[in-house]
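Chemist: Each residue of the sequence shown is one higher than the one before, starting from 588 at the first, in this note's numbering.
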Amino acid sequence: MTYCVGIKVNDGLVFASDSRTNAGVDRFSIFRKMFVFDHPGNRIYVLVTAGNLSITQSVVSLLQRQSSDTSADHDLMKAQSMFAAARIVGRAMRDVQERDGRAIKAEGVDHDASIIFGGQVGDGRTRLYQIYTPGNFVEATDDTPYFQIGEVKYGKPVLDRIITPETSLIDAAKCALISFDSTMRSNLSVGPPIDVLLYNADSLKIGHRACLDADDPYFSALSNRWGASLNKAFQDIDPPNWSL
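1. Using 7 Å as the threshold, is the C-beta distance between residue 589 and residue 737 below it?
2. Mind checking residue 618: buried by the 16 CB within 10 Å criterion, or exposed?
3. Provide the residue span of the alpha helix (DSSP H) that contains residue 716, from first to last.
4. If the criterion is Cβ atoms closer than 7 Å, does the pair residue 817 and residue 806 meet it?
5. For residue 807, which three-state DSSP category applies?
6. So what's residue 812 in DSSP terms, helix, strand or just coil?
7. In this structure, does DSSP put residue 690 in helix, strand or coil?
8. Excluding the 5 residues flanking residue 743 on each side, which residues of the same chain have their C-beta closer than 7 Å to its C-beta?
9. When we look at the beta-carbon of residue 754 and count the other beta-carbons within 10 Å, is it buried (16 or more) or exposed?
10. In terms of alpha-carbon separation, which member of 765, 823, 811, 756 lies closest to residue 794?
11. Is the region 591-601 in contact with the region 691-706, if contact means three or more CB pairs nearer than 8 Å?
12. Pairing CB atoms from the region 661-681 with CB atoms from the region 712-725, are three or more of them under 8 Å?
13. Which whole-angstrom value is the C-beta distance of residue 598 and residue 808, which I expect to be below 8 Å?
14. What does the alpha-carbon distance come out to for the pair residue 758 and residue 689?
15. Report yes if the C-beta distance between residue 601 and residue 763 is below 7 Å; otherwise report no.
16. Does the distance from the C-beta atom of residue 624 to that of residue 663 stay below 7 Å?
17. Can residue 604 and residue 782 be called in contact, C-beta distance under 7 Å?
18. Look at the alpha carbon of residue 730 and the alpha carbon of residue 751, and state the distance between them as a whole number of angstroms.
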């Protein structure tokens, strides 16, 4: 299992992904799940992936190979818009699933995969998509300004309470890390290093990128402070006036 989140606010985009992959309780490995395709000053795309690792790695490899394609129908660097780029990623997912998915499923292995894909092309809008196993996708909106893939349930409540389009980029990043801390507390299959990337709208370049290990000072302090704050908030709420 894994956990990835993508957040779209007015100021830009935040992406975060864990690096833990497991095939049983005693078979944990580290695989990065964040990938960047960019031409600074012209365009930037960020992908984070979850699901069957062989499928998602094949999709990324296919996109990288197609970056030298002469056709704008396949080359992310020639796409005229984020919508067109999302269609290219969706087509790559569909092609890999058609080639490998049936054989993987025949072995009794889950072949589902999903991608959070976002960025900006030229003077177009910053956009964020979730791409599903069949290659179809949906776009983030003001009403739903974030996507999660993988182990989504533990980190969702804080995102629902905090994230709005008006949330600042740095606060959105902090919220994403709290979402990760909540998930890691409840599911050992999600773990560091945590890759984080911030994109400032209209900059057409990476704003900040970090890889946080388990002993990262900021992430450790955030985890401790969040836990203490939750405990204090719990203690500050009056108990129910019930007779026992």
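Even for Gly, the Cβ is constructed at its ideal location relative to N, Cα and C.
No experiment lies behind these values; they were computed from the predicted model shown.
Modeler: Let's see:
1. yes
2. exposed
3. Unbroken run through residue 716 is the beta strand (DSSP E), 714-718; no alpha helix (DSSP H).
4. no
5. helix
6. helix
7. helix
8. 735
9. buried
10. 756
11. yes
12. yes
13. The Cβ separation is near 24 Å, so there is no contact.
14. 42 Å
15. yes
16. yes
17. yes
18. 8 Å
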